[in-house]
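Below: the structure, in structure tokens.
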Amino acid sequence: MARETLKAPKGKIYKRGNDYGYQVHVGVNDDPNEWKLVDESEMPTEETPPEME
Amino acid sequence: MSFKQILANFAKKLTTIAQKVPQVYEAGKQAAYKEEWDERQQNGNRTGYVYGYAGNTWNDKTFDPLHSMYVSDALGMFTQSRIGDLDGIIKRKGIVMDFSNSNRFTNMFGYSTVKYAGHIDTQKASSLGQMFESCYYLVSVSLGLNPAGTQTFSNTFRACTALEELDLTGCIGKDGFDVSSCTKLNKASHLNIFAVISTTVSITVIFSKVAVNKAFETAPGANDGSTSQEWNDLVDTRPNATIVLA
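Here the protein sequences come in this chain order: A and B.
Position 14, counted from 1, in the first sequence is what the numbering used here calls 14; the numbers after and before it change by one each time, with no gaps.
Whatever position you read off the second sequence (first residue = 1), add 1000 for the numbering used here.
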């Protein structure tokens, strides 16, 4: 079975459980339908680094 | 002996004492340093280092170990410390920091300012959870993973936004390996990670799209690595794995 690659359109991102990705190279034994398109805003943002003491 | 001669002799003795003060002071300092670190490291016999150097009082100046460390437990060992060049300090001291028998690395460096972490053999541990979580200043680290690929990686590299060099041996054989925070990860590190991804297990590995676009760009400044043939060829070496660009 060939691998499927999912590429999210602008403003969107793929989500599966707690995993997010703009581009997903789906493994040959995995189900691409597990990945859902959601708004990019749903992706958790990184906290900013603290000042060094 | 005249009074004048007595005074001269006395002055000479005082001069000799004054000249020796720095040597005495230095000897005293060395003795105090040895006493402190002999106790802290149990004369080199200490193996359990749970939260051993945790907290912001530990920095590149105060972390000045006397003895080599053969660590059996590294849980939280350097968490929240302000040590930067750990690798450099160990090399400068001419000592060894051996983790090959350590069975815990959870939160080992979490929320610390470590920059150069050196090589850490993690093979005996089942989890590397939070090992470098929020290590915003981490630039390079080398890890010996378990060749059986049985280790878990929960938030191991979360928020390691400065990480450039990640050198791995062993095998990634479980879900959760996520370097999506590592936007500066270089090309060699990407190649290295792929080299240790299991060739049989169905797992998910997550990379930073920013890092991949830069590392595999087809021309300087193109930032198109994620669509490059080189990247796609690399992905195709692990058809069993779901490779995500976040």
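Heads up, the beta-carbon is just placed ideally off N, CA and C, and yes, glycines get one too.
Residue of the options minimising C-alpha distance to residue i
i	options	result
residue 1089/B	1058/B, 1103/B, 1101/B	1058/B
residue 27/A	1178/B, 1205/B, 1229/B, 1109/B	1205/B
residue 1202/B	1177/B, 1138/B, 1133/B, 1230/B	1177/B
residue 1287/B	1126/B, 1155/B, 1113/B	Only positions 1001 to 1246 of chain B appear in this structure, which leaves residue 1287/B out of reach.
residue 1186/B	1197/B, 1167/B, 1122/B	1167/B
residue 1107/B	1128/B, 1116/B, 1071/B	1128/B
residue 1192/B	1237/B, 1156/B, 1222/B, 1158/B	1237/B
residue 1056/B	1076/B, 1112/B, 1069/B	1112/B
residue 1247/B	19/A, 5/A, 3/A	Only positions 1001 to 1246 of chain B appear in the structure, and residue 1247/B is not among them; the question remains open.
Where residue i falls: helix, strand or coil (DSSP)
i	result
residue 1126/B	coil
residue 1148/B	coil
residue 1165/B	strand
residue 1190/B	helix
residue 1073/B	strand
residue 1133/B	coil
residue 1059/B	strand
residue 1140/B	strand
residue 1092/B	helix
residue 1040/B	helix
Through-space distance from residue j to residue i, alpha-carbon basis
i	j	result
residue 1040/B	residue 1120/B	22 Å
residue 1211/B	residue 1043/B	45 Å
residue 36/A	residue 30/A	14 Å
residue 8/A	residue 23/A	6 Å
residue 1228/B	residue 44/A	27 Å
residue 1130/B	residue 1139/B	17 Å
residue 1033/B	residue 1184/B	39 Å
residue 1071/B	residue 1163/B	25 Å
residue 1124/B	residue 15/A	33 Å
residue 1097/B	residue 1014/B	46 Å
residue 1144/B	residue 1100/B	9 Å
residue 1091/B	residue 1068/B	11 Å
residue 1075/B	residue 1182/B	23 Å
residue 1242/B	residue 38/A	19 Å
Pair within 8 Å by beta-carbon distance, residue i and residue j
i	j	result
residue 1065/B	residue 1017/B	no
residue 1172/B	residue 1196/B	yes
residue 1079/B	residue 1054/B	yes
residue 1174/B	residue 1156/B	no
residue 1179/B	residue 1216/B	no
residue 1086/B	residue 21/A	no
residue 1073/B	residue 1102/B	yes
Within chain C, partners of residue i - CB distance below 8 Å
i	result
residue 1152/B	Annotation note: the requested chain C is absent from the structure, which comprises protein chains A and B.
Please give me, in chain order, every unbroken run of the alpha helix (DSSP H) with length at least 4 that falls completely inside the stretch 1194–1246 of chain B.
DSSP assignment within the stretch 1194–1246 of chain B yields the following whole alpha helix (DSSP H) runs of 4 residues or more, N-terminal first: 1209–1215, 1229–1235.
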